[in-house]
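Residue numbers (the working numbering), protein chains in the order written: chain A, 43 to 248; chain B, 43 to 248.
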């Protein structure tokens, strides 16, 4: 397809697509003559993924580039999804180093649940930092709460992965993972509040 | 206690406390002479709550004032917690009105789970808006996912409410609810990603 069709299919204006091409976020099309190029479905999918990362995840373009690089270098679908997740989380772990207590609490949580993480996984530090933030306000997160979340999220993840399981296409799997991870967050958090209101009404009928 | 002790106890600088007094966020102390006043434990707790709302929830001061007004007007602890929750969510619902389809999906979810919400609850609109955002990217959230979240969050809420159940003090209950709602969000979301990594490894061992 030509640029005009790519714009129509992706819903993005031509100048935006040209900008992504110049910035190397979108691979070039196949040149036809000096000034024209043909694009295919992979360009439509890549633009949809960029849009999800920019509009939904609200990532800066350099972070988007880093996510896309990781995806392109991954050896398989699982690694591509894992890489996208890690880069999405990397943005939150550049703050204070977490306390030894919280790092131990994370290690204990993983042990209790039979889980493991790569040594360089940002999730380990991100979780320890979140635990530190709560402890500073004098209300530490007890293992009971963490285990309740782990149990709840294990069940939810099995259903969520059904979304990705259907596709063998790497770009599509990553797009689903990004959308699933980021866009479903507000859904999950809002349902959490609705659950809190209703469970609270049952438990404290004052 | 005098202002100096209030500053030491709350960990906030005196000028900040004086600013909150001028803005009406912190009730005045009992005047002792023309320029001095005595404060008590309720001031320490209120300052801790303001700090949680400003630093953790990152709310603007006018929203903090609205949350505190709602708490002060509430008739009981349950209503105070509910009011705080509603004001915390109000900030996300000022965008586009949600689609009729998504509002129906929310109503169906509530029905299937035996839940109810006040007609003016912001959670209803916030959830419908989140569902619209996903549908726009061509990946609608199926009822299966929503029910998995509802089930997971119902279990988590029972444990979370254990945090609040111990206290009869309204200010403390609200502080715990705010901290629990907001500060535990990153904990829950990070544990979700850890669960996804581990469940994905089990389900796709490629």
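The C-beta atom is built at its ideal place from N, Cα and C for all residues, glycine as well.
Quick one: what's got a C-beta closer than 7 Å to residue i's C-beta in the same chain, skipping five residues either side?
| i | result |
| --- | --- |
| residue 231 of chain A | none |
| residue 49 of chain B | 55, 56 and 59 |
| residue 174 of chain B | 140, 141 and 144 |
| residue 79 of chain B | 70, 71, 72 and 73 |
Since residue i and residue j are thought to touch, with beta carbons under 8 Å apart, how far apart are those beta carbons, to the nearest angstrom?
| i | j | result |
| --- | --- | --- |
| residue 183 of chain A | residue 229 of chain B | 6 Å |
| residue 109 of chain A | residue 126 of chain A | 6 Å |
| residue 233 of chain A | residue 192 of chain B | 6 Å |
| residue 194 of chain B | residue 198 of chain A | 5 Å |
| residue 53 of chain A | residue 239 of chain B | Contact doesn't hold; Cβ gap of about 32 Å is too wide. |
| residue 245 of chain A | residue 203 of chain B | 6 Å |
| residue 223 of chain B | residue 117 of chain A | With a Cβ gap of about 40 Å, residue 223 of chain B and residue 117 of chain A do not count as contacting. |
Can you check whether the CB of residue j is closer than 7 Å to the CB of residue i?
| i | j | result |
| --- | --- | --- |
| residue 62 of chain A | residue 71 of chain A | no |
| residue 169 of chain A | residue 148 of chain A | yes |
| residue 88 of chain B | residue 68 of chain B | yes |
| residue 237 of chain A | residue 154 of chain B | no |
In the DSSP assignment, the beta strand (DSSP E) including residue i goes from what residue to what residue?
| i | result |
| --- | --- |
| residue 72 of chain A | 72 to 74 |
| residue 79 of chain A | 78 to 80 |
Using a cut-off of 8 Å between C-beta atoms, extract the partners of residue i located in chain A.
| i | result |
| --- | --- |
| residue 202 of chain B | 187, 190 and 238 |
| residue 124 of chain B | 239 and 242 |
Which bits of chain B does residue i rub up against, with CB to CB less than 9 Å?
| i | result |
| --- | --- |
| residue 225 of chain A | 172, 175, 176, 179, 181 and 183 |
Excluding the five sequence neighbours on either side, which residues of its own chain have a C-beta within less than 6 Å of the C-beta of residue i, listed in chain order?
| i | result |
| --- | --- |
| residue 91 of chain A | 217 |
| residue 220 of chain A | 94 and 126 |
| residue 135 of chain B | The pLDDT assigned to residue 135 of chain B is 47, lower than 50, so where the model puts this residue is not dependable; a value taken from the coordinates is nonetheless given after this. So the list reads 164, 167 and 168, once near-sequence residues are dropped. |
| residue 86 of chain A | 51 and 52 |
| residue 241 of chain B | none |
Quick one: residues in its chain with C-beta nearer than 8 Å to the C-beta of residue i, no 5 flanking neighbours on either side, listed in chain order?
| i | result |
| --- | --- |
| residue 251 of chain B | One cannot answer for residue 251 of chain B here, as it falls past the ends of chain B, which runs 43 to 248. |
| residue 158 of chain B | 152 |
| residue 176 of chain A | 182 and 183 |
| residue 96 of chain A | 103 and 106 |
Residues of chain A with CB under 7 Å from residue i, in chain order?
| i | result |
| --- | --- |
| residue 145 of chain B | Result: empty, since nearest Cβ-Cβ is about 13 Å, beyond 7 Å. |
| residue 241 of chain B | 196, 199, 200 and 203 |
| residue 157 of chain B | 236 and 240 |
At what residues does the alpha helix (DSSP H) containing residue i begin and finish?
| i | result |
| --- | --- |
| residue 64 of chain A | 56 to 64 |
| residue 172 of chain B | 164 to 178 |
| residue 107 of chain A | 103 to 115 |
| residue 43 of chain B | Segment: none, residue 43 of chain B is in no alpha helix (DSSP H) and carries neither H nor E. |
| residue 245 of chain B | 226 to 245 |
Run down chain B in chain order and give the residues with a C-beta less than 7 Å from the C-beta of residue i.
| i | result |
| --- | --- |
| residue 251 of chain A | The structure shown has nothing for residue 251 of chain A, since chain A only spans 43 to 248. |
| residue 231 of chain A | 227 |
| residue 50 of chain A | Within 7 Å Cβ-Cβ: nothing; residue 50 of chain A doesn't reach chain B, min ~15 Å. |
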